[in-house]
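Worksheet: one structure, shown below.
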Amino acid sequence: MRYPFATISTLAWRNLWRNSRRTLIMLAAIAVGVWAMIFMAALMRGMTDQMVRNGLQTLPGEVQVHQRDYRADPSVVNSMAPPSRGLLAALLEPPVTAWAGRVRVPAVISSERGSRSVTLLGVDPAAELILGSLPEKIVAGRALDAPADRGVVIGASLARRLETGLGKRVVLMSQDTDNNVVDRGVRVVGIYHARLQGNEDRFVYAGRAAVQGLLGIGDAISEIAITGDDYRRVQHWYPRIARAAGDEFETLPWTELDPFLGSMLAVQDGFTLVFMVVVFLALSFGLVNTLVMAVFERVREIGLMQALGMRPGLILGQIMLESFYLLGLGLLVGNVLAVATLKPLATGIDISAVAQGMEMMGMGAILYPALHIQDMLMSTAVVIVLGLLASLAPAWRASRLDPVAALTRD
Amino acid sequence: MNVTWILAWRNLWRHRRRTWLTVGAMVFSNILLVFLVSLQLGSYQMMIDGSLAAFPGHIQIQHRGYLQDQHIYQSVPAAVELAARVRAMPGTEAVAARAEAFALASSAERSFGILLTGVQPGFEPAVSTFPGKVRMGRYLEEGDSEAIVIGSVLARNLKVGIGDELTFIGSGRDGSFAAGVATVVGIFDTGLEDVDRSMAQVPLAWFQQLFAMGEAGHSVVIRVPGLEQVQATAGALRALPGVAQGELVVLDWNALVPGLRQAITSDMTSAWFTYSVLVVLVAFSVLNTQLMSVLERTREFGVMLALGMSPGRLARLVGMETLLLAALGLGLGVAGGGLLSGYLNHAGFVYPGVEEMMERFMLGGRIYPEVSLVSLLVGPLAVFIGALLAALYPALRLFRLQPVAAMRAV
Numbered sequence: 001m002r003y004p005f006a007t008i009s010t011l012a013w014r015n016l017w018r019n020s021r022r023t024l025i026m027l028a029a030i031a032v033g034v035w036a037m038i039f040m041a042a043l044m045r046g047m048t049d050q051m052v053r054n055g056l057q058t059l060p061g062e063v064q065v066h067q068r069d070y071r072a073d074p075s076v077v078n079s080m081a082p083p084s085r086g087l088l089a090a091l092l093e094p095p096v097t098a099w100a101g102r103v104r105v106p107a108v109i110s111s112e113r114g115s116r117s118v119t120l121l122g123v124d125p126a127a128e129l130i131l132g133s134l135p136e137k138i139v140a141g142r143a144l145d146a147p148a149d150r151g152v153v154i155g156a157s158l159a160r161r162l163e164t165g166l167g168k169r170v171v172l173m174s175q176d177t178d179n180n181v182v183d184r185g186v187r188v189v190g191i192y193h194a195r196l197q198g199n200e201d202r203f204v205y206a207g208r209a210a211v212q213g214l215l216g217i218g219d220a221i222s223e224i225a226i227t228g229d230d231y232r233r234v235q236h237w238y239p240r241i242a243r244a245a246g247d248e249f250e251t252l253p254w255t256e257l258d259p260f261l262g263s264m265l266a267v268q269d270g271f272t273l274v275f276m277v278v279v280f281l282a283l284s285f286g287l288v289n290t291l292v293m294a295v296f297e298r299v300r301e302i303g304l305m306q307a308l309g310m311r312p313g314l315i316l317g318q319i320m321l322e323s324f325y326l327l328g329l330g331l332l333v334g335n336v337l338a339v340a341t342l343k344p345l346a347t348g349i350d351i352s353a354v355a356q357g358m359e360m361m362g363m364g365a366i367l368y369p370a371l372h373i374q375d376m377l378m379s380t381a382v383v384i385v386l387g388l389l390a391s392l393a394p395a396w397r398a399s400r401l402d403p404v405a406a407l408t409r410d
Numbered sequence: 001m002n003v004t005w006i007l008a009w010r011n012l013w014r015h016r017r018r019t020w021l022t023v024g025a026m027v028f029s030n031i032l033l034v035f036l037v038s039l040q041l042g043s044y045q046m047m048i049d050g051s052l053a054a055f056p057g058h059i060q061i062q063h064r065g066y067l068q069d070q071h072i073y074q075s076v077p078a079a080v081e082l083a084a085r086v087r088a089m090p091g092t093e094a095v096a097a098r099a100e101a102f103a104l105a106s107s108a109e110r111s112f113g114i115l116l117t118g119v120q121p122g123f124e125p126a127v128s129t130f131p132g133k134v135r136m137g138r139y140l141e142e143g144d145s146e147a148i149v150i151g152s153v154l155a156r157n158l159k160v161g162i163g164d165e166l167t168f169i170g171s172g173r174d175g176s177f178a179a180g181v182a183t184v185v186g187i188f189d190t191g192l193e194d195v196d197r198s199m200a201q202v203p204l205a206w207f208q209q210l211f212a213m214g215e216a217g218h219s220v221v222i223r224v225p226g227l228e229q230v231q232a233t234a235g236a237l238r239a240l241p242g243v244a245q246g247e248l249v250v251l252d253w254n255a256l257v258p259g260l261r262q263a264i265t266s267d268m269t270s271a272w273f274t275y276s277v278l279v280v281l282v283a284f285s286v287l288n289t290q291l292m293s294v295l296e297r298t299r300e301f302g303v304m305l306a307l308g309m310s311p312g313r314l315a316r317l318v319g320m321e322t323l324l325l326a327a328l329g330l331g332l333g334v335a336g337g338g339l340l341s342g343y344l345n346h347a348g349f350v351y352p353g354v355e356e357m358m359e360r361f362m363l364g365g366r367i368y369p370e371v372s373l374v375s376l377l378v379g380p381l382a383v384f385i386g387a388l389l390a391a392l393y394p395a396l397r398l399f400r401l402q403p404v405a406a407m408r409a410v
C-alpha cells in the first residue's frame with residue numbers, strides 16, 4: 001500500500017454504495033436539510049434586507065451628520081451650516097456615491113378640513129434623487145423640480161385625511177429660531193405613494209430654499225445624509241467622514257441612528273445560524289445511525305483488514321471519508337435544489353395579504369428572497385464540521401475493534 | 001398481551017443503539033417542537049394582550065369612516081352618555097370615551113405637532129396602560145380642567161417640565177380656530193418612541209369645549225374580560241339603540257389594529273416551514289431505520305412466510321414496531337418538552353437582541369411560553385404520524401416477498 005489514502009478513499013466510496021438504498025435515503029435527508037437551511041436563510045435575509053433598505057430610505061442614507069444637539073432636540077435652533085470645504089472633499093471621494101443636505105423640522109399641515117402633525121423636509125430634488133430618498137412613485141401631479149420650488153409634495157394617505165388634493169392650498173406651520181410660529185400657504189403640486197403607509201402620513205416634501213426662507217435660517221440645514229457602498233460595510237468608511245466633519249458635528253452610522261435596524265441585522269444573522277444548527281441536529285441522528293449500521297454490518301470485514309495489517313488510523317479515516325462523501329453529495333444536491341427553487345422566486349413573493357402586519361416590522365408587500373453565497377458557505381460549514389464531529393464516535397469504535405474478537409463474531 | 005406485540009417489542013431491542021438513535025431523533029424534534037409552539041403561542045398571546053391593553057382596547061365605537069380618514073367632524077354624538085350606557089351593559093369590563101385632534105403645541109422655546117387626546121380621567125386608566133406609565137408628576141384627575149399629560153420625548157423636545165405651560169393651536173370641529181393653554185401635570189414614558197414623541201392627553205370636557213365638539217367624542221373604548229368574549233359583546237353593542245340606526249360602527253380589535261393579526265399570520269407561516277422540515281427529517285430517519293430492519297431480516301421473514309404466516313401479518317408486525325418506536329418518541333418528547341416549556345413558563349425566556357423588536361408590540365423583553373394541550377401535542381403528533389407514514393414503504397415491501405428467494409437471500 002504505497003498510497004494508503006488513495007486506497008481508503010476508493011474503499012470508502014465503494015462501501016457507500018454497497019447499500020445504495022440506505023445511502024440514497026440518507027442522501028435525500030441531507031439534501032432536504034441543506035435545502036431548508038439555504039431556503040430559510042434566503043427568505044430571512046430577503047426580509048431583513050428589505051427592512052434595512054426601507055429603514056435606510058426613511059433615515060435616509062447610511063451616515064448622517066448633524067449639529068451636536070440636533071438629535072436630542074430636533075429643532076430649527078440646532079441647524080448647521082452647509083458642508084465646509086474639507087467635508088465637501090471627503091463627500092466626493094468613493095465609496096460615497098451620493099449625499100444631500102436637507103432641512104428637517106417638525107411642522108403642522110392644515111387644510112380647510114383638518115390638520116396633522118408632520119415632518120417637513122426641505123430638499124434639493126436633484127441630490128435626493130441620486131440618494132434614493134425621494135418618494136418612489138408620484139401618483140398625481142409632479143415631483144419637486146428645484147430647491148426653490150414653492151410647492152409641496154404630500155402622501156396619498158395624508159391627502160385623504162386632510163381632504164385636500166392636487167392644486168389645492170394647504171398651510172404649513174412651524175417655528176423659527178426665535179420660537180415664533182411661522183406659517184405659509186403653499187400649493188400641493190404632487191401626491192406620492194410610499195411603500196410604507198406610515199411614511200405617507202409623516203413626510204411632507206418641499207423645496208429646500210423655500211423652507212429655509214419660511215424658517216428664516218439663510219442657507220442652514222438640519223442634516224447631511226450620505227450613502228455609498230454596501231450598508232453592511234459602513235463601519236469602514238464613516239470614521240473618515242467624521243474626521244472631515246470635525247468635532248463640532250455628530251457623525252453617526254445608521255446602526256447608531258436607528259438601533260432597532262442595527263439589532264435586526266444581528267438578530268437575523270444569529271437566528272440563521274441557530275436554524276441551521278437545529279436542522280443539522282435533527283439530521284445528525286440519522287447520519288450517526290447510518291454509520292453505526294455500516295460499521296456493525298462490517299465488523300468481521302474490519303477485523304480481517306486489521307488482521308491483514310491495516311492500521312486503526314486508516315480504518316478511522318475510511319469511515320470518516322465515507323461520511324464525508326455522503327455529506328458532500330447531500331450538500332451538492334441540497335445547494336442545487338435551493339438555487340433551483342429560489343431562482344423562480346427572485347422576482348418576489350407577494351405577501352400583500354399580511355402587508356399591514358409586515359409594515360409594523362418595516363416591511364413592504366413583496367418579499368424578495370436574497371440568496372447570498374455566505375449563507376451557502378455557512379450551511380456547508382455547519383454540515384461538514386458538525387457532520388464529521390458526529391461521525392467521529394462510530395468511526396473511533398470501528399478503529400478500536402479487537403481483530404480476533406471481530407473475526408470470530410458471527 | 002398479544003404475541004405479535006411481544007414480538008414487535010423484542011424486535012425493537014435487537015439493535016439497541018439504532019433504536020435509541022431513532023427515538024433520540026424523535027425526542028429531540030419533539031422537545032424542540034413543543035418548546036417552539038409554546039413559545040409562539042405564548043408570544044402571540046402577549047402581543048395581542050400587550051398591544052390592545054396599551055391603547056386601542058378590545059372594541060371601539062366610532063363614526064363610520066373615522067378609522068380610515070380621521071376627520072375631526074366624524075364624531076360620536078353624546079359620547080360620555082353613550083359610554084355610560086355601554087358601561088351598564090353586562091360583558092364589559094371597562095369603558096371610556098375619547099376625542100382626538102392634531103395640534104401645534106408650543107412651549108416658551110419650542111413648537112411641535114402633537115396628537116391631542118381628550119380622555120375621561122376617571123375611566124381612562126382602566127382601558128389603557130399609558131396612564132400607568134406616568135414617570136413624573138401625576139395622571140389627570142377628575143375635576144382637572146386646564147391640565148395636560150405629555151410623552152417623555154415630547155417633554156424633552158419642548159423643554160418643559162411639571163408645572164410649565166403649553167400653548168396649543170389647532171382647528172375645531174366646525175373648522176374654527178381652536179387655541180388653549182394648559183399646565184403640564186404629568187409626563188409618561190411608554191418606551192414607544194412614536195407615542196412618547198407625539199402624544200398628549202387632556203380632560204375630555206375641556207377638549208370638547210376647546211375644539212367646539214359639544215357633547216361629541218371620537219370613540220368609545222371598551223375592554224372585555226377575555227378575547228373570546230369580543231364577538232359576543234360586539235354583537236350586543238351593535239344592537240344598542242343609538243348605535244344600530246345611527247352612523248356609528250362597532251369595531252373589534254381586528255379592525256382597529258389589522259396589522260396585529262397579519263403579523264401573527266406571517267410569523268405562523270415561517271414557523272410552519274421550520275416545523276415541516278423537522279418532521280420530514282425525522283420521517284427520513286425512521287424510514288431508514290425501518291427499511292434497514294426489514295432488509296436485514298429478509299431470511300427470517302422468508303422462513304416465517306414459508307411457515308404459513310401471511311404477508312399482511314408481517315406488515316402488521318413492522319407497523320407495530322414503528323408504532324412502539326414512535327410512541328416511545330412521543331412519550332419522552334412530550335415529557336421533555338413539557339418540562340422545558342413548563343420551566344420557562346415559570347422563569348421566562350430571553351433571546352438576545354429581540355427586546356427592541358418586542359417593544360414594537362408593547363411587550364417586556366421576556367417571553368413566557370404558553371403550555372397547553374395544543375402546544376404539547378401538535379408537534380409530537382405530527383412527528384408520530386410522519387413516522388408511521390415513513391414505515392409504509394418498508395411494510396408494503398413485505399407483500400412482494402417470495403418465501404423461497406427470501407430464504408436464500410444473503
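If you read the sequences in order, they're chains A and B. Numbering of the first sequence is given in my numbering, commencing with residue 1 and proceeding in unit increments. Numbering of the second sequence is given in my numbering, commencing with residue 1 and proceeding in unit increments. Every residue gets a Cβ at the ideal spot worked out from N, C-alpha and C, and that includes glycine.
Assigned with DSSP and collapsed to three states, A/I8 falls in helix. Of all residues in the segment 44-74 of chain B, only D69, Q70, H71, I72 come within less than 7 Å of chain A when Cβ atoms are compared, listed by chain position.
The contact set of B/S171 on chain A, defined by CB atoms closer than 8 Å, consists of S110, G114, S115 in chain order. For B/L287, a Cβ of chain A is located within less than 7 Å of the residue's own Cβ.
The Cβ neighbour count for B/D174, taken over all protein chains shown within 10 Å, is under 16; the residue is labelled exposed. Between B/R156 and A/Q175 a beta carbon distance of about 16 Å is seen, past the 8 Å cut, so the two are scored as non-contacting.
The Cβ of B/V378 sits no closer than 7 Å to any Cβ of chain A. Within the same chain, Cβ atoms closer than 6 Å to the Cβ of A/S110 are found at V171, the five residues on either side in sequence being excluded. Residues of chain B whose Cβ lies closer than 9 Å to the Cβ of A/R161 are, in chain order, Q68, D69, Q70, H71. Neighbourhood of B/N157 in chain A, by CB distance below 9 Å: A72, D73, P74, S75, P106, in chain order. In its chain, beyond the 5 residues on either side, S115, S117, M173 have a beta carbon closer than 6 Å to the beta carbon of A/V108. The beta-carbon of B/E109 is placed less than 7 Å from the nearest beta-carbon of chain A.
The beta carbon of A/V32 falls within 7 Å of a beta carbon belonging to chain B, placing the residue at that interface.
Here B/A53 has T129 as same chain residues with Cβ atoms under 7 Å from its own Cβ, once five neighbours each way along the sequence are excluded. Contact with chain A is found for B/M292, since one of that chain's Cβ atoms lies less than 7 Å from the residue's Cβ. Ranked by how close their Cα comes to the Cα of A/P259, the residues B/R297, B/G312, B/E193, B/G118 have B/E193 in first place. One finds S106, S107, A108, E109, R110, S111 in chain B with Cβ atoms closer than 9 Å to the Cβ of A/N179, taken in chain order. Interface annotation, B/G214: not in contact with chain A, CB-CB separation never under 7 Å.
With a cut-off of 8 Å on Cβ pairs, the segment 146-156 of chain A is in contact with the segment 121-132 of chain A, counting three or more such pairs. At least one beta carbon of chain B lies nearer than 7 Å to the beta carbon of A/F285. DSSP places B/T117 within a strand segment (E or B) once states are collapsed to three. Contact residues of the segment 198-228 of chain B toward chain A are S198 (C-beta to C-beta distance below 7 Å). Using a Cβ-Cβ distance cut-off of 8 Å, the segment 218-227 of chain A and the segment 58-74 of chain A are in contact, since at least three pairs of beta carbons, one from each stretch, lie closer than that value.
Comparing alpha-carbon positions, the option among B/Q229, B/Y44, B/V134, B/V185 lying closest to B/G161 turns out to be B/V185.
A/I154 carries a strand assignment under DSSP once its states are collapsed to helix, strand and coil.
As the crow flies, the alpha-carbon of B/S219 is around 6 Å from that of B/Q60. Counting only runs that start and end inside the segment 41-96 of chain B, the alpha helix (DSSP H) elements of at least 4 residues fall at 66-69, 79-87. The shortest CA-to-CA distance from B/L227 to any of B/D49, B/V3, B/A390 is the one to B/D49. A direct Cα-to-Cα measurement between A/A6 and A/Y368 gives close to 45 Å. One finds V277 in chain B with Cβ atoms closer than 7 Å to the Cβ of A/A36, taken in chain order. Leaving aside the five residues that flank B/L389 on each side, the residues in its chain whose CB is nearer than 8 Å to its CB run, in chain order, A283.
Taking all protein chains in view, the Cβ of B/K133 is crowded by 16 or more other Cβ atoms within 10 Å, so the residue is classified as buried. A/L131 and A/W254 have their C-alpha atoms spaced approximately 15 Å apart.
Of all residues in the segment 263-293 of chain A, those with a C-beta nearer than 8 Å to a C-beta of chain B are S263, M264, A266, V267, G270, F275, V278, V279, L281, A282, L283, F285, G286, V288, N289, T290, V292, M293, reading in chain order. For B/L392, the nearest beta carbon of chain A is not closer than 7 Å to its own beta carbon.
Here the segment 277-297 of chain B makes no contact with the segment 79-86 of chain B; the two share fewer than three CB pairs at distances below 8 Å.
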